[in-house]
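So the sequence shown is numbered by this note's numbering: it starts at 4 and just counts up by one.
These notes are about the structure you will find just below.
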Amino acid sequence: MPLRLADYLVSPRRCTVDSPVGPLMVIADNTGITHILFPTHTLADLGLVSEDVPEAKDDPVLLNAARQLAEYFDGDRTAFDLPLHVEGNDFEVDVWFAMRSIPYGETISYGKQSDIAGHPGAFQAVGAANGRNPIPIVVPCHRVVGSDGSLVGFGGGLDVKRFLLDLESGVQRLF
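Shown next as structure tokens:
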């Protein structure tokens with residue numbers, strides 16, 4: 004997943020949330036949650052170093068995000084209620100906003116997402132914008148699949164995408 008440089012952040016801070024898919028780094032600034040990074044990504048991918056984004060275990064926005072993510076992974080939360088601060092062009096913001104309307108436990112195709120976002124037929128551009136989604140899980144890009152239902156493209160990896168979809172559909176995992 005190509006990540007956008009995070010030069011728009013004001014007083015960024017971070018926390019690490021343990022999850023079944025590995026440790027997630029949640030980053031917030033004075034406006035809201037700006038990024039959730041899977042274990043495969045680092046602050047360097049955002050053009051940042053750890054000194055730029057101090058660990059803030061007592062930050063109320065980050066604590067709330069950590070709690071809501073834990074509830075999600077426990078199967079007790081189907082929607083997130085967090086302040087978000089995303090930076091993107093108008094098309095990307097349309098695409099990301101459209102993803103938030105995909106119900107928990109359901110999937111749609113990139114083509115359908117392009118229709119919902121107001122850009123009919125732009126499914127390839129939608130896929131690219133999904134790949135730049137800075138707040139996966141909360142902005143559920145894992146719910147977008149190929150036109151034939153196949154799992155394609157996900158910044159956390161296809162195994163993580165499958166795990167999230169299984170979690171939301173109630174599939175029991177043995178490990």
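C-beta atoms are modelled at their ideal positions from N, C-alpha and C, and glycine is treated no differently.
The model shown is predicted, which means the values in this text are computed figures rather than measured ones.
Could you round the C-beta distance between residue i and residue j to whole angstroms and report it? I think they count as a contact, below 8 Å.
i           : j           : result
residue 36  : residue 27  : Contact flag wrong, Cβ pair sits at about 11 Å.
residue 140 : residue 87  : Residue 140 to residue 87, Cβ: 12 Å. No contact.
residue 101 : residue 120 : 4 Å
residue 83  : residue 159 : Not confirmed; about 16 Å, so no contact.
residue 168 : residue 110 : 7 Å
residue 147 : residue 103 : Wrong, their Cβ atoms sit about 12 Å apart, outside the cutoff.
residue 108 : residue 172 : 5 Å
Given a threshold of 16 other Cβ atoms within 10 Å of its Cβ, counted over all protein chains shown, does residue i qualify as buried or as exposed?
i           : result
residue 161 : exposed
residue 126 : buried
residue 133 : buried
residue 69  : buried
residue 170 : buried
residue 22  : buried
residue 136 : buried
Return the chain-ordered list of same chain residues with a C-beta closer than 8 Å to the C-beta of residue i, the five sequence neighbours on each side being excluded.
i          : result
residue 16 : 30, 31, 32, 56, 57, 58, 59, 62, 65
residue 53 : 46
residue 74 : 80
In this structure, what does DSSP give as the bridge partners for residue i?
i           : result
residue 111 : 147
residue 179 : The question about residue 179 has no answer here: the residues shown for the chain are numbered 4 through 178.
If you drop the 5 nearest sequence neighbours on each side, which residues of the same chain put their C-beta closer than 6 Å to that of residue i?
i           : result
residue 129 : 98, 113, 116, 117
residue 72  : 20
residue 81  : 107
residue 76  : 22, 23
Just verifying my parser: in three-state terms, what is the DSSP assignment at residue i?
i           : result
residue 40  : strand
residue 46  : helix
residue 138 : coil
residue 87  : strand
residue 167 : helix
residue 30  : strand
residue 24  : coil
residue 80  : coil
For residue i, which residues of its own chain have a beta-carbon under 7 Å away from its beta-carbon, when the five flanking residues on both sides are left out?
i           : result
residue 164 : 145, 154, 157
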